[in-house]
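Line by line, the protein sequences are chains A and B.
Residue 20 in our numbering sits at position 20 of the first sequence, with consecutive numbering throughout.
When you read off a place in the second sequence, starting at 1, and then add 103, the result is the number in our numbering.
Here a beta-carbon is modelled for each residue, glycine too, at the ideal position from N, C-alpha and C.
Here the structure is a predicted model, which means the values were calculated and not measured.
A quick write-up on the structure given underneath.
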Amino acid sequence: MDAQLKKGFLEILVLASLKFKASYGYKIIQDISQVFEISESTLYPILKRLEAQGLVTTYTEEHQSRLRRYYRITEEGRVKLSESQADFEEIKLIYQYILRKED
Amino acid sequence: MRKREFLYRLDNALESFPNAEREEIIHYYEELIQDALDNGENEEAFIEKLGSIDKIVRTLKKDSDFVGNVKEKKNFELKQTFDKGVKILGRVLIIGALVLSIFFGVGFSIFGINGIVRSIIAMVMTISAQLSVSATLYYLGNIAVHLGILLFAITFIWYVVQNVGTKLELLYEKIEELFKKGGK
């Protein structure tokens, strides 16, 4: 996929991965990788961005005697996620136009 | 590269970052690698996959600017909300002061007029039944006192009305300043 387009999707994709359950770095990458290619090094900045915008919060939990950082979606994050529904409709229209055939 | 070497090199490459952020990044990668190992991934292969340390640091630098901007914007929004709150509070206080001033002014005016009218009526009524010197003095004094109160009240109202524009605006600004100082 086009890099520019991909960048726009990543934030919302990471949010979507937290939709049902708080998660942690490695797990988020594994989940997203099923539908979209994401590297470990791109995830961190995205998480920081989401946190700075108040779309996710973090907490630390002990896991096998080490600390693991969890990310949880906030109400604002959920709003943002639901807004992507409208984006989807728009993108659909755009692609219908891009891929239209001559009649 | 093994985990320890990778983290050591990354930490060195993050020298220009604030300490808290540096620690957070290191912790992120440490946790990530450990989780990968726990999941049965090959250590060297996984670290290879993370990409070059140079590239990681470059991406982080670009983004720490973004995060900084967002934080600044948030502070700005917060400040605006706070300013708005102070403005509303200031207006409420001023309107309150104005209402109170007029209330007192009108109250004193009525009190003054009432006293004068009562004294005059009492004097007129007692004139037929011969007004004594002391009684006359009493009533005249009474009139004078109430006239004084009336004049005071009128001047007060006049002052308030005259200064609504300037003095109260100044007061409002003072209040605003006070709250801003309190806010910081």
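- Contact of Tyr131/B with chain A is assigned, a C-beta pair being separated by under 8 Å.
- For Lys27/A, the closest alpha carbon among the candidates Tyr70/A, Arg49/A, Glu62/A is that of Tyr70/A.
- For Thr162/B, the three-state secondary structure derived from DSSP is helix.
- The beta-bridge partner set that DSSP reports for Ile73/A consists of Val56/A.
- Not flagged as an interface residue toward chain A: Ile252/B, since no C-beta distance is shorter than 8 Å.
- Taken in chain order, the complete alpha helix (DSSP H) segments of 4 residues or longer contained in the segment 196 to 278 of chain B are 236 to 266.
- Arg112/B is positioned such that its CB atom lies no closer than 8 Å to that of Ile159/B.
- Within the segment 142 to 168 of chain B, Asn142, Phe149, Lys152, Leu153, Gly154, Lys158, Ile159, Thr162, Leu163, Lys165, Asp166, Ser167 place their CB atoms closer than 9 Å to a CB of chain A, listed in sequence order.
- The alpha-carbon separation between Leu243/B and Ile257/B amounts to approximately 21 Å.
- Taking the CA atoms as reference points, Leu250/B sits about 12 Å from Arg221/B.
- For Glu124/B, the uninterrupted alpha helix (DSSP H) run begins and ends at 122 to 141, by DSSP.
- Residues of the segment 30 to 47 of chain A with a C-beta less than 9 Å from any C-beta of chain B: Gln30, Ser39, Glu40, Ser41, Thr42, Leu43, Tyr44, Pro45, Ile46, Leu47, listed in chain order.
- Where Ser39/A is concerned, there is no enclosing alpha helix (DSSP H), because DSSP gives it neither an H nor an E.
- Membership of Arg107/B in the alpha helix (DSSP H) is indicated by the continuous run 106 to 116.
- Those residues of the segment 110 to 121 of chain B placed with their C-beta closer than 8 Å to a C-beta in chain A do not exist.
- The beta carbons of Glu75/A and Leu135/B sit no closer together than 8 Å.
- Of all alpha-carbon atoms in Gly25/A, Thr42/A, Phe20/A, the one lying nearest the alpha-carbon of Lys6/A is that of Thr42/A.
- Listed along the chain, the chain A residues whose CB falls inside 7 Å of the CB of Gln137/B are Arg66.
- The continuous alpha helix (DSSP H) containing Lys27/A extends over residues 25 to 33.
- When beta bridges are read from the DSSP output, Arg66/A appears opposite His63/A.
- Comparing C-alpha distances from Ala148/B to each of Lys106/B, Ala123/B, Thr184/B shows the shortest one belongs to Lys106/B.
- Membership of Lys21/A in any alpha helix (DSSP H) is not indicated, and neither H nor E is assigned to it by DSSP.
- If you look at Glu146/B, you'll find it in the alpha helix (DSSP H) that goes 146 to 152.
- Residue contact check for Glu108/B against chain A: no CB pair falls below 8 Å.
- Straight across, the Cα-Cα distance linking Glu51/A with Asp166/B is about 12 Å.
- The beta carbons of Ile252/B and Phe211/B sit closer together than 8 Å.
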